[in-house]
Amino acid sequence: MPADIHTFTLVITGAPYSSQAPETALGFARAVLRAGHTIDRVFLYGEGVHLASSLASPPSDETNWTRAWGDFLQEHSVPAVACIASALRRGLVNESEQKRYQLPASNLAAPFEIAGLGEWVESTIKSSVQSSRVIYFHGGA
Amino acid sequence: MHTLIVIDQPPYGSWGGRESLDMAFSLAAFDQPVSLLFIDAGVLWLKQGQEPDGIYQKSVERNLAAASIFGVEALLAEATACHRFGLTDNNLINGVTRIENTGTTLQQYQHVVFSG
């Protein structure tokens, strides 16, 4: 890999429709790929997990950020993971968590997955390499 | 690579700080060097004798007391913020290092994470 090609991990901690974090991150992600860099994964943490809810139904004249992100992730084969602790607290579950906690429904949108903070730790360890970066998109106060 | 997690929000009223603390513990669990820095109203995390039962929350004091056991290397606090919130040697929890220059401290870490 040439020295000027970077690998980015994007951490989104702000929710859609209450912060601009998911849309800013999507703009950044598109720019990263356009410039020839790569994204190893997107990690949703805290309020950011709401981005992975398949139940979000914004008015038709507004951007559906879950779908916009989902399309981007699938088109470019970028994995995206929601932190399990953040997700369970906020009512974002996949089918296996639905069964485990005997919940009436699951609502994790494809292609998002649910996993532990270890995924973020792994990206952090990788970022000790010069050509790798972890970038945070917060919701702000 | 040493990570510094920065907490700038008080312990009650927002979950941001708690989820930042989880990040610190998670790094420590994977044997990655990590320290915590409390700035602005975040220094209130470090006050002795927190009693949040009245708002149906668990005290964060116990979590922080366990930080060194779990492998968090340092608990740092901005000295000016401690002064502003009346935190002194008499009412800070044990093991806190007060720092005078936040900018210099931030530069000492390769990876700095602000709480969301």
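Here the protein sequences line up with chains A and B, keeping their order.
Going by this note's numbering, the first sequence opens with residue 1, and the numbers climb by one from there.
Going by this note's numbering, the second sequence opens with residue 1001, and the numbers climb by one from there.
For each residue, glycine too, the CB sits at the ideal point set by N, CA and C.
Around D1040(B), no beta-carbon contact reaches into chain A at under 8 angstroms, the shortest distance being about 11 angstroms. Around the beta carbon of S1026(B), 16 or more other beta carbons sit within 10 angstroms, so the residue counts as buried. Chain A places no beta carbon closer than 8 angstroms to that of H1083(B), leaving this residue out of the contacts.
When CB distances to chain B are screened at a threshold of 9 angstroms, the residues of the segment 110-140 of chain A falling below it are G116, L117, G118, W120, V121, E122, T124, I125, S127, S128, V134, Y136, F137, H138, G139, G140, in chain order. In terms of CA proximity to A68(A), L26(A) leads the group A85(A), L26(A), A35(A).
Within a 10 Å sphere around the beta-carbon of A1081(B) sit 16 or more other beta-carbons, which makes this residue buried.
Taking 8 angstroms as the threshold, the shortest C-beta distance from G91(A) to chain B does not fall below it. G1071(B) has a beta carbon lying at 8 angstroms or more from every beta carbon in chain A. Cβ contact annotation for L33(A) (same chain, cutoff 8 angstroms, sequence separation greater than five): I39, H76, in chain order.
Going by beta carbons, L1076(B) and T1105(B) fall inside the 8 angstroms limit. DSSP places K1047(B) in the strand class (E or B) of the three-state scheme. A direct Cα-Cα distance of roughly 20 angstroms separates K126(A) from E113(A). Annotation: Q1057(B) has no Cβ neighbours in chain A at a cutoff of 9 angstroms; minimum Cβ distance is about 14 angstroms. Annotation for A1028(B): V1034, F1070, G1071, V1072 place their beta carbon closer than 7 angstroms to its own, counting only its chain and skipping 5 residues before and after. It is roughly 27 angstroms from the alpha-carbon of F43(A) to the alpha-carbon of D61(A). R1084(B): member of the alpha helix (DSSP H) spanning 1079-1084, first to last residue.
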